Amino acid sequence: MSEDLKIIVVEADRDLAFQIVDTLRDEGWKNVTVLGDEMGLARKIAALEPDLVLIDLANPSRDSLEQVSRATEADNRAVAMFVDHSDDEMTRAAMAAGLSAYVVGAPEPERVKSVLKTAIARFQVTSQMRRELDHARKALEDRKTIDRAKGMVMRARGLSEEEAYALMRKTAMSQNRKVIDVAQALLTASDLLA
Amino acid sequence: MSGVPLNCGYVPLVDCAPLIIARELGFAEQNGIRLNLLRQPSWAALRDLLALGHLDAAQMLSPMPIAMSLGLSGPQVDVVAPLVISANGTVFGVSPALAQQMGSAGWGGYEMAPGRVLGHLAGNTHPLRVGVPFPYSMHRLLFEYLIAGLPEAQRRLFTIVTCPPPLMADAVDAGEIDLFAVGEPWGTVAVGSGAAELILPGASIWAHAPEKVLGMRRDWVGAHESKAEALTRAVFEACEWLSVAKNHPLACEILARSEHLNLPDAAIEAALSGRITPRPGATPWHVPNFIQFGGAGASFPWRSSAAWIGSQLSKLELLEREDVIAKAAQCFRPDLYRKFLAQTDADMPGASAKIEGSLAHPTAVSSTRGEMILEPDAFFDGKTFDFSEIF
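These protein sequence lines are chains A and B, in that order.
Going by our numbering, the first residue of the first sequence is number 1, and it counts up by one from there.
Going by our numbering, the first residue of the second sequence is number 1, and it counts up by one from there.
Structure representation (structure tokens):
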């Protein structure tokens, strides 16, 4: 490759960031810089003069990239890759994988696409991992909420743990709700009345 | 909840209240829709998802449908707004250092007078960075309008920086920005943390600035008109409900408890009541129409308001003015407003465009039911914008 594309990956999670960088390096893209979710992100990106910026679709800092331009060429503004309707399939794949990309300046489209293909594949794995992590976290929180509510029912009604849970489940079923919703309602009510 | 499912994107700010109220108080259900509210991490994400059809509709910054239709922001796609969700509701703030600099130049800090703020900013000789939530936001347009009268050399001292609202206070603290324009509660939050002092409410620059609109792709409205109608009606009813002061305590409660908005109660209440504390210990401002959701035709999408936005964008982006104004005026849709709300008791102005900035006081205008009172819409510099003079 005559000249490497300069790529910036914006990702606050170090492990995820390094996975993305490694994947890109394996494919021959060596000039990759990682920035966290930091203050002055846009200014720092502009100073590095990248060709391409990769950032998670769900990153709240995305808006600050909307106006990133090359420090040396004020008119040369970054454009979201989605501006280009030339490859709708790739755009959809990127969205589905949770990847958004900004192309700064005018690198060769074919080379940009090649990077994006690699990044999309990596982001698919990453977003799957994120989903699983979120899921696990949510399950744990739900567990805690249900346990607290169960404890309240046990104390208030003098029931055993199993009986308390059975009562909550019965209530949930008869109201066509989930046990976690009933547990949350109980805790909210008790907070209000406390 | 029953009804036709409809995916609507939003960003968790106080002014997304009409969407939450439409869902929580059953206005959506009564109109036959099951409203799925999908929180978006950024305006750019919301824009892309709407453009690609993952969202049916969305709460949008009022210049967004215009910028998207012009191809200035994201993929070019025609987006229309049949309803204004809120007017005003923004605040301008400065770093403590800049407040001190303005103070030593005689700024009292209490008057809500853009002309005086401008006088103090005009004496500034340092480059200043101005944080706004999005390049295509009323925040940026109001700031650019405020400084438009300064000499070129002074205007060039300001650089616009995009910064997500929840990070605005931190950005001031870190010295990344000196000034900002942001929607509540983030101004109040910045004051609370000692990061900034507020200098002006947005309403002091333009007394009736459309802030958020209900945006939909034009082709989606064509293909799903009954859904578009049901959603517009549900959100309109929520806007009207929110415009009644006696509903505010309940509104605060619903918003504070909502899973859709994770904000402190006090911040929500301050915004709804228009009592904003500009700096710690100061007497709160009382800003009439600090934020307006409905009543007095506040939700009416005036073509002339869209034209004004287009006119400002053409200046900032160096585009052909008449062309941009013509396209912008097509993005706000009073015709859809009239059609979709025909079955409600909404009173509607007879005209679809007005001379923006001409109302210094509440003024009676002809309406479908005879007469209605419009709230003031004056610009701080007393200028007017007559869209009909252009065409």
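From the three backbone atoms N, C-alpha and C, an ideal C-beta is built for every residue, glycine too.
None of the values given here were measured: they were computed from a predicted structure.
Asked                                                                                                                                                            : Found
First and last residue of the beta strand (DSSP E) that includes V79 of chain B?                                                                                 : 79-88
DSSP on E259 of chain B, reduced to helix/strand/coil?                                                                                                           : coil
CA-CA distance, S243 of chain B and F293 of chain B?                                                                                                             : 6 Å
For the stretch 34-48 of chain B, enumerate the residues whose C-beta is nearer than 7 Å to any C-beta of chain A, in chain order.                               : P41, S42, W43, A44, A45, D48
Is the stretch 139-149 of chain B close to the stretch 204-214 of chain B, with three or more CB pairs under 8 Å?                                                : yes
Give me whichever residues DSSP pairs with K339 of chain B in a beta bridge.                                                                                     : None, per the DSSP bridge assignment.
Can you list the residues of chain B that N176 of chain A reaches, using a CB-CB cut of under 8 Å?                                                               : Those within 8 Å of N176 of chain A in chain B number zero; the least Cβ separation is about 11 Å.
Can you find a C-beta in chain B that's less than 8 Å from the C-beta of A12 of chain A?                                                                         : no
What residue ranges within the stretch 154-208 of chain B form continuous beta strand (DSSP E) runs of no fewer than 3 residues, ordered along the chain?        : 158-162, 179-183, 197-201
Name the chain B residues whose beta carbon is nearer than 8 Å to that of A58 of chain A?                                                                        : P41, A45
Would you mind giving the Cβ-Cβ distance between T118 of chain A and L24 of chain A, rounded to the nearest angstrom? I have them listed as a contact below 8 Å. : 6 Å
What's the gap between the Cα of T277 of chain B and the Cα of C16 of chain B?                                                                                   : 22 Å
Does DSSP classify E110 of chain A as helix, strand or coil?                                                                                                     : helix
Can you name the residues that DSSP bridges to S366 of chain B?                                                                                                  : B:E371
Could you confirm whether any beta carbon from chain B is found closer than 8 Å to the beta carbon of Q124 of chain A?                                           : no
Alpha carbon to alpha carbon, what distance is there between K246 of chain B and T159 of chain B?                                                                : 42 Å
Among residues of its own chain, excluding the 5 on either side of S304 of chain B, which ones have a beta-carbon nearer than 6 Å to its beta-carbon?            : A353, K354, E356, F387
Between the C-alpha atoms of G26 of chain B and V91 of chain B, what's the straight-line distance to the nearest angstrom?                                       : 31 Å
Going by the DSSP bridge assignment, what does K6 of chain A pair with across the sheet?                                                                         : In the DSSP output, where bridge partners are listed per residue, K6 of chain A has none listed.
Taking the alpha carbon of R14 of chain A as the point to measure from, which residue in A:W29, A:N31, A:D37 has its own alpha carbon closest?                   : A:D37
Which class does S311 of chain B belong to by DSSP, given the choice of helix, strand or coil?                                                                   : helix
N124 of chain B to L41 of chain A, Cα distance in whole Å?                                                                                                       : 26 Å
So what's L103 of chain A in DSSP terms, helix, strand or just coil?                                                                                             : The question names Leu, but residue 103 of chain A is Val in the sequence shown. Note: V103 of chain A maps to strand in three-state DSSP.
Let me check understanding here. Comparing Cα to Cα, which of B:I268, B:L261, B:L263 lies closest to C252 of chain B?                                            : B:I268
Can you check whether the C-beta of P133 of chain B is within less than 8 Å of a C-beta belonging to chain A?                                                    : yes
How many angstroms separate the CA atom of K57 of chain A from the CA atom of I85 of chain B?                                                                    : In the sequence under discussion, the amino acid at residue 57 of chain A is Leu, which differs from the Lys named in the question. One C-alpha to the other measures close to 26 Å.
Would you mind telling me which residues of chain A sit closer than 9 Å to D170 of chain B, beta carbon to beta carbon, in chain order?                          : M39
Does K30 of chain A pass the burial test, meaning 16 or more other C-beta atoms within 10 Å, or should it be called exposed?                                     : exposed
Per DSSP, what are the beta-bridge partners of F385 of chain B in this structure?                                                                                : B:E356
By Cβ distance, which residues of its chain are closer than 7 Å to G295 of chain B, with the 5 residues on each side in sequence left out?                       : E240, S243
If the cut is a Cβ gap below 8 Å, which residues of chain A does A174 of chain B touch?                                                                          : M39, G40
Which residue spans inside the stretch 117-174 of chain A form an unbroken alpha helix (DSSP H) run of at least 4?                                               : 161-174
Starting from M216 of chain B, trace the beta strand (DSSP E) in both directions and tell me its first and last residue.                                         : 210-217
In terms of residue numbering, what span does the alpha helix (DSSP H) encompassing Y145 of chain B cover?                                                       : 138-147
Could you give the first and the last residue of the continuous beta strand (DSSP E) run that contains T33 of chain A?                                           : 32-35
Run down chain A in chain order and give the residues with a C-beta less than 7 Å from the C-beta of C252 of chain B.                                            : The contacting residues do not exist; C252 of chain B stays about 15 Å from chain A at best.
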